[in-house]
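One structure below.
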Amino acid sequence: MNVHHLELFYYVAKHGGITPAVRQMPYGIQQPAVSGQILQLESELGLKLFNRRPFALTPAGDELYAFIGPFFAQLPNVAARLKGEEGSHLRLAASAAVLNTHLPDVLEKLRAVYPNLRLTLREVVPTEVDALLGTQEIDVAVSLLHARSGPGIQTKELLRLPLVLLVPKDSPIRKFADLHGKSPVIEQALVTLQPHETINLIFQKQLEKRGLRWQPTVEVNSLELVVSYAARGYGIGLFVDIPSMKYDERVRKIPLTGFPPLVIGLLFQGKLKPLAERFAREAVAYAAALSKPEK
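Okay, structure coming up:
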């Protein structure tokens with residue numbers, strides 16, 4: 145049986161006829177269309193569901209109405225509950241650094257507007273974002289923006305983060321050129337993320353353009369570990385200069401002048417629901433405040 149035909153029959157049975165049903169339906173439909181589709185339903189069932197004049201359900205119509213009535217009667221309530229749940233539930237994905245350092249401040253602004261805010265926060269790496277958006281497991285991701293995203297995925301830039309090196313605090317190295325001198329091979333130990341990570345791809349490509357070679361000594365799976373191992377003397381850390389981040393006292397930053405930055409932004413699919421749209425506005429405002437130079 146066609147579900148739409150069943151819905152039309154529900155309204156006809158509930159309101160006592162086709163004409164009053166047309167007046168009470170939550171969407172526009174003409175009386176001849178209702179009559180035609182009810183006839184199709186009766187034809188499929190091979191029986192009559194109601195007498196037209198005067199209106200009266202047949203025994204078969206009574207049985208069918210008793211079966212489908214509770215379902216269609218509860219649909220508006222279920223829809224309202226779902227809309228209420230979805231309207232206050234935000235599903236976000238980001239790196240551990242963003243989740244720990246920056247998102248709490250943005251979400252605090254959001255909670256002031258949505259006091260019943262419900263959150264699902266997911267720690268991800270950039271390569272996982274497209275799939276999660278595609279399956280609608282998340283509403284918005286805060287992640288690296290690539291040159292090409294998956295089909296239907298939209299982006300909004302938030303920040304450009306310069307690449308930096310983390311060297312021991314007492315190191316004589318003051319600038320990148322101090323590392324290589326006249327030799328194309330940099331001998332110091334290097335602590336980096338995994339080779340496929342965007343920060344490494346940018347860094348190695350820029351080294352190649354400069355005719356330099358610098359192979360990682362320690363590869364880790366988070367920026368937090370880059371700082372930790374660089375601070376413990378395992379090598380010079382390849383990092384990004386994150387605004388407002390407090391670095392380990394045992395290291396200091398060396399800017400990588402001329403190296404392209406990492407671009408951080410929002411990724412989402414389709415039109416954002418109002419809650420997610422408000423989050424996006426708060427995130428943009430927060431990022432703009434971070435980008436302002438300190439006085």
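Each residue of the sequence shown is one higher than the last, beginning at 145 in the working numbering.
Built from N, CA and C at the ideal position, the CB exists for glycine as well.
Could you please give the first and the last residue of the uninterrupted beta strand (DSSP E) stretch that includes residue i?
{"i": "residue 467", "result": "Because the chain in this structure spans residues 145 to 439, residue 467 falls outside the shown range and cannot be described."}
{"i": "residue 336", "result": "334-337"}
{"i": "residue 414", "result": "Taken as a continuous stretch (DSSP letters only), residue 414 belongs to no beta strand (DSSP E), as it is neither H nor E."}
{"i": "residue 346", "result": "That residue, residue 346, is in no beta strand (DSSP E); its alpha helix (DSSP H) goes 342-353."}
{"i": "residue 312", "result": "307-312"}
Enumerate in chain order the residues of its own chain whose CB-to-CB distance from residue i is below 6 Å, with the five nearest sequence positions on each side excluded.
{"i": "residue 300", "result": "409 and 410"}
{"i": "residue 181", "result": "149 and 152"}
{"i": "residue 346", "result": "404"}
{"i": "residue 306", "result": "385 and 405"}
For residue i, name the three-state secondary structure that DSSP assigns.
{"i": "residue 175", "result": "helix"}
{"i": "residue 446", "result": "The shown model of the chain, from 145 to 439, leaves out residue 446, and the question about it has no answer."}
{"i": "residue 399", "result": "strand"}
{"i": "residue 233", "result": "strand"}
{"i": "residue 266", "result": "strand"}
{"i": "residue 317", "result": "coil"}
{"i": "residue 199", "result": "coil"}
{"i": "residue 376", "result": "coil"}
{"i": "residue 331", "result": "coil"}
{"i": "residue 363", "result": "strand"}
{"i": "residue 304", "result": "strand"}
{"i": "residue 408", "result": "strand"}
{"i": "residue 225", "result": "helix"}
{"i": "residue 190", "result": "coil"}
{"i": "residue 208", "result": "helix"}
Is the Cβ-Cβ distance between residue i and residue j less than 8 Å?
{"i": "residue 185", "j": "residue 149", "result": "yes"}
{"i": "residue 412", "j": "residue 236", "result": "no"}
{"i": "residue 201", "j": "residue 193", "result": "yes"}
{"i": "residue 371", "j": "residue 310", "result": "yes"}
{"i": "residue 161", "j": "residue 216", "result": "no"}
{"i": "residue 177", "j": "residue 303", "result": "no"}
{"i": "residue 308", "j": "residue 384", "result": "yes"}
{"i": "residue 434", "j": "residue 387", "result": "yes"}
{"i": "residue 288", "j": "residue 342", "result": "yes"}
{"i": "residue 364", "j": "residue 337", "result": "yes"}
{"i": "residue 241", "j": "residue 368", "result": "yes"}
Between residue i and the rest of its own chain, which residues show a CB-CB distance below 7 Å, the 5 nearest in sequence each way excluded?
{"i": "residue 282", "result": "235, 236, 237, 266 and 276"}
{"i": "residue 188", "result": "145"}
{"i": "residue 213", "result": "154"}
Can you list, in chain order, the residues of its chain whose CB lies under 8 Å from that of residue i, leaving out five sequence neighbours each side?
{"i": "residue 318", "result": "398"}
{"i": "residue 255", "result": "261"}
{"i": "residue 325", "result": "none"}
{"i": "residue 359", "result": "334"}
{"i": "residue 285", "result": "236, 237, 238, 268, 273, 276, 277, 410, 411 and 412"}
{"i": "residue 247", "result": "236, 238, 265 and 286"}
{"i": "residue 328", "result": "355, 356 and 357"}
{"i": "residue 204", "result": "189, 191, 192 and 193"}
{"i": "residue 313", "result": "393, 394, 395 and 396"}
Taking the alpha helix (DSSP H) that residue i belongs to, which residues open and close that run?
{"i": "residue 159", "result": "147-159"}
{"i": "residue 323", "result": "321-324"}
{"i": "residue 251", "result": "247-257"}
{"i": "residue 434", "result": "418-435"}
{"i": "residue 448", "result": "Because residue 448 is not part of the residues shown, which for the chain are 145 to 439, the question remains open."}
State yes or no: is the C-beta of residue i nearer than 7 Å to some heavy atom of the ligand COA?
{"i": "residue 294", "result": "Judged by which ligands are present, the structure shown has none, so any question about the ligand COA falls away."}
**Asked** Any contact of the stretch 364-379 with the stretch 391-398, i.e. 3+ C-beta pairs under 8 Å?
**Response** yes
**Message:** Three Cβ pairs or more, each shorter than 8 Å: is that satisfied between the stretch 404-423 and the stretch 251-263?
**Reply:** Enough Cβ pairs lie closer than 8 Å, so yes.
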